[in-house]
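Residue numbers (the numbering used here): 59 to 140. Beta carbons: idealized from backbone N, C-alpha and C, even for Gly.
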């Protein structure tokens, strides 16, 4: 899996709690790198229930685009300090 595919898969798992549109080899690769935990008894299902491990959450957070600060937010800060 490419880096972008891993991040996209982690995002889907974080939002839905299911491994949607992932192949079994891709799931095993994510599990091998300790990025996800697959629920017990869910391994054989088409879209197993998964959760992100701490390592998976950190990787996802590090690769999400950071929100940019707007001019409106800065002007509100100035009003509060005056």
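Give the DSSP-derived three-state secondary structure of residue i in the structure shown.
i           : result
residue 77  : coil
residue 107 : strand
Inspect the beta-carbon positions of residue i and residue j and report whether they are closer than 8 Å.
i          : j           : result
residue 85 : residue 117 : no
residue 96 : residue 89  : yes
Residues in the same chain with beta-carbon distance under 6 Å from residue i, minus the five sequence neighbours each way, listed in chain order, please.
i          : result
residue 67 : 80
Just the Cα atoms here: how many angstroms apart are residue i and residue j?
i           : j           : result
residue 102 : residue 124 : 36 Å
residue 71  : residue 114 : 10 Å
residue 74  : residue 110 : 11 Å
residue 61  : residue 104 : 23 Å
residue 64  : residue 83  : 12 Å
Going along the chain, which residues of its own chain have a beta-carbon closer than 8 Å to the beta-carbon of residue i, five neighbours each way excluded?
i           : result
residue 100 : 106, 107 and 108
residue 119 : none
residue 112 : none
Short of 7 Å in beta carbon distance, which residues of its chain neighbour residue i, apart from the five on each side in sequence? Order them along the chain.
i          : result
residue 87 : 59
residue 69 : 118
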